[in-house]
Amino acid sequence: MDYQPRLEDIHQLLMGVLDAPEQLQTLPPYAEVDAALMQQVLEEAGKFVGSAIAPLQRVGDETGARFGAGQVTMPPGFRAAYQAFWQAGWPALACAPEDGGQGLPAVLEAVLYEMLSAANHGWTMAPGLLHGAYECLKHHGSEELKTRYLEKIATGEWLATMCLTEPQAGSDLGLVRTKAAPQADGSHLVSGGKIFISGGEHDLSDNIVHFVLARLPDAPPGPKGLSLFLAPKFLPDGRRNGVVCERIEEKMGLHGSPTCALRFDDATGWLVGEPHRGLNAMFVMMNAARLHVGLQGIALLEAAWQKARGYAQERRQMRAPGATQTSLIQDHPAILRILTTQRAWIDGGRLLAYRTAIELDMLKHHPGAARRESAQRWCSLVTPVLKAAWTNQGFHGASACLQVFGGHGYVREWGIEQIVRDARVTMIYEGSNEIQAIDLLLRKVLPDGGAALGALFDQLSAEDTLPPAVLQRFEQLRSLTVRLARAASYRADLPYWVADDFLQATALALLGWAGARIGAGLPHWLAPARALRTWVLPEFALRLQIIEQQLNDTETGAPAPAAA
Ligand SMILES: Cc1cc2nc3c(=O)[nH]c(=O)nc-3n(C[C@H](O)[C@H](O)[C@H](O)COP(=O)(O)OP(=O)(O)OC[C@H]3O[C@@H](n4cnc5c(N)ncnc54)[C@H](O)[C@@H]3O)c2cc1C
Numbered sequence: 000m001d002y003q004p005r006l007e008d009i010h011q012l013l014m015g016v017l018d019a020p021e022q023l024q025t026l027p028p029y030a031e032v033d034a035a036l037m038q039q040v041l042e043e044a045g046k047f048v049g050s051a052i053a054p055l056q057r058v059g060d061e062t063g064a065r066f067g068a069g070q071v072t073m074p075p076g077f078r079a080a081y082q083a084f085w086q087a088g089w090p091a092l093a094c095a096p097e098d099g100g101q102g103l104p105a106v107l108e109a110v111l112y113e114m115l116s117a118a119n120h121g122w123t124m125a126p127g128l129l130h131g132a133y134e135c136l137k138h139h140g141s142e143e144l145k146t147r148y149l150e151k152i153a154t155g156e157w158l159a160t161m162c163l164t165e166p167q168a169g170s171d172l173g174l175v176r177t178k179a180a181p182q183a184d185g186s187h188l189v190s191g192g193k194i195f196i197s198g199g200e201h202d203l204s205d206n207i208v209h210f211v212l213a214r215l216p217d218a219p220p221g222p223k224g225l226s227l228f229l230a231p232k233f234l235p236d237g238r239r240n241g242v243v244c245e246r247i248e249e250k251m252g253l254h255g256s257p258t259c260a261l262r263f264d265d266a267t268g269w270l271v272g273e274p275h276r277g278l279n280a281m282f283v284m285m286n287a288a289r290l291h292v293g294l295q296g297i298a299l300l301e302a303a304w305q306k307a308r309g310y311a312q313e314r315r316q317m318r319a320p321g322a323t324q325t326s327l328i329q330d331h332p333a334i335l336r337i338l339t340t341q342r343a344w345i346d347g348g349r350l351l352a353y354r355t356a357i358e359l360d361m362l363k364h365h366p367g368a369a370r371r372e373s374a375q376r377w378c379s380l381v382t383p384v385l386k387a388a389w390t391n392q393g394f395h396g397a398s399a400c401l402q403v404f405g406g407h408g409y410v411r412e413w414g415i416e417q418i419v420r421d422a423r424v425t426m427i428y429e430g431s432n433e434i435q436a437i438d439l440l441l442r443k444v445l446p447d448g449g450a451a452l453g454a455l456f457d458q459l460s461a462e463d464t465l466p467p468a469v470l471q472r473f474e475q476l477r478s479l480t481v482r483l484a485r486a487a488s489y490r491a492d493l494p495y496w497v498a499d500d501f502l503q504a505t506a507l508a509l510l511g512w513a514g515a516r517i518g519a520g521l522p523h524w525l526a527p528a529r530a531l532r533t534w535v536l537p538e539f540a541l542r543l544q545i546i547e548q549q550l551n552d553t554e555t556g557a558p559a560p561a562a563a
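Residues 0 to 563 in numbering that gives the first Met the number 0 are what the sequence shown lists, from first letter to last.
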């Protein structure tokens with residue numbers, strides 16, 4: 000039971016609910032992108048994913064990436080699939096034609112990566128950072144660097160990495176110690192140790208382009224002293240650069256993706272962007288990656304749901320209420336509840352993620368400043384919500400899908416336990432979910448007293464006639480935000496205590512909106528719509544209650560919770 004893309008659903012959401020072609024055609028680069036072209040691209044992508052990538056899911060997990068003598072050998076079939084992938088032009092889908100790309104909208108790339116992650120999360124980690132690396136180099140690289148590397152990265156002929164983490168520097172990148180020493184020819188010698196680098200070494204592509212955060216000699220301490228460097232595995236003259244893979248991690252899942260400890264030993268690198276502004280340059284890469292990690296959560300949930308539904312349609316146990324003979328387990332209310340609940344999260348998440356990808360294109364290409372501003376607001380507020388809430392659901396929902404198999408889910412045979420193991424890391428990397436919650440509440444919502452969030456709700460309310468329950472959730476969050484901003488002015492730690500609840504409440508408010516927008520747009524939506532209303536959205540009130548309780552305590556001067 001390999002994953003198979005459900006193209007009809009994707010098509011309905013993109014064309015029927017979001018009017019993607021009409022929206023995108025207002026942007027000069029996509030004037031020619033119509034529904035037929037989008038459908039054709041997605042059908043071809045679906046065929047490639049289903050035939051070339053999904054069959055490698057099991058071998059990626061069981062054989063895994065292997066390390067020996069500084070080299071990483073990828074699981075059988077991975078290199079051939081990668082070569083076929085880039086040679087068919089898939090990584091270049093949304094890159095500009097002048098860089099060797101196909102110039103198609105970001106939303107097509109988003110759907111492609113969703114399908115790839117559902118089919119084979121481990122394999123997809125390798126090309127997963129390409130687009131971010133491309134955008135980062137395009138916007139911040141010197142002409143010389145772009146001439147040498149931009150097309151290779153755009154086409155995917157060479158893969159890229161993002162080297163941030165060090166043993167002492169995880170969420171807090173201000174603690175990065177890797178150094179960069181300027182050389183007379185304008186290059187730098189980069190030295191230091193990085194850990195947890197996805198795809199830091201492998202045999203998929205002929206070169207690997209590392210994007211490394213490091214400190215110049217005159218760097219101030221903290222995050223404002225970080226600069227970004229490009230250091231390839233092989234230098235332009237063909238020599239091996241001083242980048243050594245010391246080991247790969249043994250881990251819970253994602254065995255098809257080598258998680259590398261890299262040592263930079265006077266490796267030659269070139270500055271990308273301005274000195275000490277490395278985080279700024281890297282954020283381009285990280286923001287693209289965060290949407291994609293949110294999509295990984297949706298993708299893994301879809302893969303788990305497909306397996307669970309297939310199993311529930313065949314397995315018979317006991318009699319369901321009202322039945323006269325042994326029933327399929329899908330007819331037992333408890334199992335139906337699991338399946339329809341996950342379906343609601345998947346389709347609602349897709350609508351939000353696809354819309355976010357469309358907004359990314361609006362931000363880049365729309366001629367009107369006001370429209371670009373609303374797109375910026377959307378991306379800034381919705382991206383952390385998607386990343387955190389849908390990776391959380393990706394893991395917990397996949398675990399619920401495993402439950403559908405009973406004991407058969409806990410053994411390897413059906414492949415569902417692999418999805419649960421693989422999904423866990425999405426809650427941790429690309430900024431852990433706790434960091435996403437802080438980003439949302441403390442950096443994006445509270446500083447303007449909730450004005451941007453309120454403007455987002457206004458925009459959604461003006462676009463459609465929404466059901467009263469959706470509007471009420473918007474209003475409740477709006478007034479809660481005002482109260483929180485006031486309380487935070489005299490109890491600064493309060494928002495940190497409630498950030499996760501606030502993010503989850505925002506996710507549920509947006510999921511309620513997505514559910515209303517999907518309406519009759521999906522043929523199978525009736526049961527998930529009921530699941531959404533009955534079992535998912537009531538959590539909104541609980542999250543609000545948790546926040547309100549702490550607000551009440553603060554307003555009456557009760558002490559903060561003690562340390563564990
Ligand atoms: C499989 C895998 C692949 C990875 N790929 C890459 C990669 O390609 N490149 C790369 O650079 N890194 C990569 N990482 C590293 C990843 O980004 C980090 O693990 C992550 O940023 C968290 O850092 P940490 O593990 O040091 O945890 P810590 O930062 O030590 O955090 C530990 C816990 O404390 C919480 N925490 C920390 N600070 C705060 C705070 N201020 N408020 C609330 N909670 C907080 C965290 O959420 C977490 O729960 C990868 C990791 C894994 C496991």
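Cβ coordinates follow ideal geometry from the N, Cα and C atoms, glycine included.
Everything numeric in this text was worked out from a predicted model, so none of it was measured.
Taking non-hydrogen atoms of ligand 1 into account, the C-beta of residue 205 is found less than 8 Å away from none of them. For residue 427, the secondary structure class from DSSP, reduced to helix, strand or coil, is coil. Counting the other Cβ atoms within 10 Å of the Cβ of residue 256 gives 16 or more, which makes it buried. In the three-state reduction of the DSSP assignment, residue 175 falls in the coil class. In this structure, residue 440 has its beta carbon at no less than 8 Å from each heavy atom of ligand 1. The beta-carbon separation of residue 436 and residue 341, rounded to 23 Å, does not stay under the 8 Å limit for a contact. Collapsing the DSSP output to three states places residue 211 in a strand.
Taking 9 Å as the cut-off, the beta carbon of residue 311 is found no closer than this to the beta carbon of residue 527.
Pairing residue 405 with residue 416 gives a Cβ-Cβ distance that is not under 9 Å. For residue 187, the enclosing beta strand (DSSP E) starts and ends at 187-197. Residue 231: member of the beta strand (DSSP E) spanning 226-231, first to last residue. DSSP places residue 200 outside both helix and strand once states are collapsed to three, so it counts as coil. For residue 445 and residue 481, the gap between their C-alpha atoms comes out near 8 Å. Comparing alpha-carbon positions, the option among 544, 538 and 520 lying closest to residue 14 turns out to be 520. When the alpha-carbon of residue 345 is set against those of 253, 9, 1 and 540, the nearest one is in 9.
In the assembly as shown, residue 97 is an exposed residue. Its beta-carbon has fewer than 16 other beta-carbons within 10 Å. Straight through space, the alpha carbons of residue 540 and residue 95 are spaced by roughly 45 Å.
DSSP places residue 269 in the strand class (E or B) of the three-state scheme.
In this structure, residue 226 has its beta carbon at no less than 8 Å from each heavy atom of ligand 1. Cβ-Cβ separation between residue 347 and residue 510: approximately 4 Å, consistent with a contact (criterion under 8 Å). Looking at the DSSP output, residue 168 shares a beta bridge with 165.
Set against 8 Å, the gap from the CB of residue 195 to the closest heavy atom of ligand 1 is smaller. The residue from 261, 110, 79 and 302 with its alpha-carbon nearest to that of residue 51 is 79. In this structure, the straight-line span from the alpha carbon of residue 495 to that of residue 542 is close to 15 Å.
Residue 488 counts as exposed, since fewer than 16 other C-beta atoms from the protein chains shown sit within 10 angstroms of its C-beta. In this model, residue 165 and residue 194 are separated by some 5 Å (Cα to Cα). Beyond the five residues adjoining it in sequence on each side, residue 137 comes within less than 8 Å, by CB distance, of 95, 98, 145 and 149 in the same chain, given in chain order.
Within 10 angstroms of the beta-carbon of residue 556 lie fewer than 16 other beta-carbons, which makes it exposed.
For the 9 Å CB-CB criterion, residue 395 and residue 291 do not form a contact.
Comparing alpha carbon positions, the residue from 57, 552, 554 and 522 closest to residue 253 is 57.
Spatial neighbours of residue 245 in its own chain (CB-CB distance under 6 Å, excluding positions within 5 residues in sequence) are listed in chain order as 260 and 262. For the stretch 510-534, the continuous alpha helix (DSSP H) assignments of 4+ residues that do not extend past its boundaries occur at 525-530, in sequence order.
Under the DSSP assignment, residue 70 falls in the beta strand (DSSP E) whose first and last residues are 70-72. Taking a contact to require three or more Cβ pairs closer than 8 Å, the stretch 287-307 and the stretch 223-234 do not qualify as touching. At least one heavy atom of ligand 1 lies less than 8 Å from the C-beta of residue 431. The distance from the Cβ of residue 549 to that of residue 388 is about 20 Å, inconsistent with a contact at the 8 Å cut-off.
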